[in-house]
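The sequence shown begins at 865 in this note's numbering and counts up by one.
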Amino acid sequence: MSVRELVVLGTASQVPTRHRNHNGYLLRWDGEGILFDPGEGTQRQMLRAGVAAHDINRICVTHFHGDHSLGLAGVIQRINLDRVPHPVTAHFPASGQHFFDRLRYSTAYRESVELTEVPVSADGVLATTGAYTLDSHRLSHPVESYGYRLTEPDRLRMLPGKLAGRGIEGPDVGRIQREGSLRGVPLEEVSETRRGQRFAFVMDTRLCDGAFALAEGCDMLVIESTFLDEDGGLAADHGHLTAGQAARVAKESGVRHLVLTHFSQRYTDPDVFEQQARAAGFEGGLTIAQDLIRVPVPTRHT
Ligand SMILES: [Zn+2]
């Protein structure tokens, strides 16, 4: 069974609390692990959550504020200490290359792992693997910030009943898939498209086109909601979202499961985030993130 789940390592914004570490999220997507925005303390949160350095294939940093990136130094050194046997790729805003360099080489250690840097400087595709396409969109924050999205390719599902009805069997099933039709039967008649799953990670930002573009049609959206709606002025001033705004992005984009996170330390009752997300009209699955929880990507409709 392939596993697709979000492992939440930390959920605090600028200031960690007794119950919330700085940011950090590992997305398990089949056999791969993608680490998003490792803030301070991520290495130890990984240990607590049962995530090993070996589980990381890719690192995506939205922007270079400390709560999203200070954990890079420790995580990169740990990847090398553990001699992770596969290459690791890191994405981050190209304008922050000097920050990445400092974090990567902040202290002495022995480099044993191939870490490839693929910085982001425009909207578009960053990587295509057999399992997904990774793309990024610019967000709106005081420092340059990019959100990320994984899109699984659509696949063709053959319909056994329809194949049998047309007398197509054995090697002919492969032939019709390759050739698009067989003995006058079009491929579309005996197959259907299985839509690929989508996951997006949006943080930190005001409401902007990039947030909506990333969220469009996602099975899971992880999005910041630093503030409650009554502090919308603060959110606008500092380039953040409120719970209601984040839920609006999800609702208007047809998101199936919404994960709210990156909470300001000023709030103590997570239930209010849920209430405001629902008040904004979002009716899908909803998780108000807590450190160390796991959230499965919802199973397919079909
Ligand atoms: Zn932040």
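Glycine is no exception: its CB is placed at the ideal position from the N, C-alpha and C atoms.
Rounded C-alpha distance that separates residue i from residue j
i, j, result
"Gln-1061", "Val-1159", "15 Å"
"Gln-907", "Val-939", "6 Å"
"Pro-949", "Thr-971", "22 Å"
"Glu-869", "Val-1161", "5 Å"
"Tyr-889", "Val-1037", "41 Å"
"Thr-1132", "Leu-1051", "56 Å"
"His-929", "His-886", "11 Å"
"Leu-899", "Lys-1026", "42 Å"
"Arg-1142", "His-1126", "18 Å"
"Ser-1128", "Met-1067", "13 Å"
"Ile-1032", "Leu-1020", "16 Å"
"Ser-1089", "His-932", "15 Å"
"Met-910", "Ala-916", "7 Å"
"Ala-1153", "Thr-875", "7 Å"
"Leu-1078", "Arg-882", "32 Å"
"Ile-1157", "Gly-903", "17 Å"
"Leu-945", "Gly-1118", "42 Å"
"Val-982", "His-955", "5 Å"
"Asp-999", "Thr-1015", "8 Å"
"Leu-873", "Gly-897", "13 Å"
"Leu-936", "Arg-1164", "33 Å"
Beta-carbon proximity list for residue i, same chain, < 6 Å, skipping 5 on both sides
i, result
"Gly-1108", "Asp-1093, Gln-1140, Ala-1144"
"His-918", "Val-948"
"Val-1049", "Arg-1030"
"Val-867", "Arg-892"
"Val-1086", "Phe-1065, Val-1123"
"Glu-1138", "Ile-1152"
Residue range of the beta strand (DSSP E) that includes residue i
i, result
"Ser-1055", "1055-1058"
"Pro-1160", "1158-1160"
"His-1121", "1121-1125"
"His-955", "952-955"
"Ala-1064", "1062-1066"
"Arg-868", "868-874"
"Leu-891", "888-893"
Outcome for residue i when other beta-carbon atoms lying within 10 angstroms are tallied against a minimum of 16
i, result
"Tyr-1010", "buried"
"Arg-942", "buried"
"Arg-884", "buried"
"Val-989", "exposed"
"Ala-1099", "buried"
"Ala-986", "exposed"
"Pro-951", "exposed"
"Val-1176", "Because the chain is modelled from 865 through 1166, residue 1176 falls outside the range shown and cannot be assessed."
"Arg-912", "exposed"
"Tyr-1012", "buried"
Chain D contact for residue i (CB, 7 Å cutoff)
i, result
"Pro-1017", "As a matter of chain content, chain D is missing from the structure shown, which is built from one protein chain."
Close beta carbons around residue i, own chain, < 8 Å, minus the five adjacent residues each side
i, result
"Leu-1023", "Val-1054, Ser-1055, Glu-1056"
"Gly-1149", "Arg-1120, His-1121, Leu-1122, Pro-1162"
"Val-1136", "Leu-1092, Ala-1107"
Alpha helix (DSSP H) segment containing residue i, residue limits
i, result
"Leu-1027", "1024-1029"
"Ala-836", "The chain is shown from 865 up to 1166; residue 836 falls before or after that span and cannot be answered."
"Val-982", "Note, Val-982: premise wrong, no alpha helix (DSSP H); not H, not E."
"Met-910", "906-913"
"Glu-1043", "1035-1043"
"Ala-1141", "1135-1143"
"Phe-964", "961-968"
"Gly-1081", "Note, Gly-1081: premise wrong, no alpha helix (DSSP H); not H, not E."
"Glu-1116", "1107-1117"
"Gly-1032", "Looking at the sequence provided, one finds Ile at residue 1032 rather than Gly. Counting along the chain, Ile-1032 falls outside any alpha helix (DSSP H), and DSSP gives it neither H nor E."
"Leu-945", "936-945"
"Leu-1098", "1096-1102"
"Gly-930", "930-933"
Own chain residues within Cβ distance below 7 Å of residue i, not counting five before or after
i, result
"Val-879", "Gln-1129"
"Ser-1045", "Leu-1051"
Quiz item: For the stretch 1063-1075 against the stretch 998-1006, are there 3 or more C-beta pairs whose distance is under 8 Å?
Solution: Segment contact: the stretch 1063-1075 against the stretch 998-1006, three or more CB-CB distances shorter than 8 Å; contact assigned.
Quiz item: Do the stretch 1112-1132 and the stretch 1082-1092 meet, that is, are 3 or more Cβ pairs less than 8 Å apart?
Solution: In this structure the stretch 1112-1132 touches the stretch 1082-1092; the number of beta carbon pairs closer than 8 Å is three or more.
Quiz item: Are there three or more Cβ pairs, one per stretch, closer than 8 Å when the stretch 988-1002 is compared with the stretch 963-975?
Solution: By the Cβ test, the stretch 988-1002 is not in contact with the stretch 963-975, since fewer than three Cβ pairs between them sit closer than 8 Å.
Quiz item: Do three or more CB pairs link the stretch 891-899 to the stretch 965-984 at distances below 8 Å?
Solution: Contact between the stretch 891-899 and the stretch 965-984 is absent: fewer than 3 CB-CB pairs across the two stretches fall below 8 Å.
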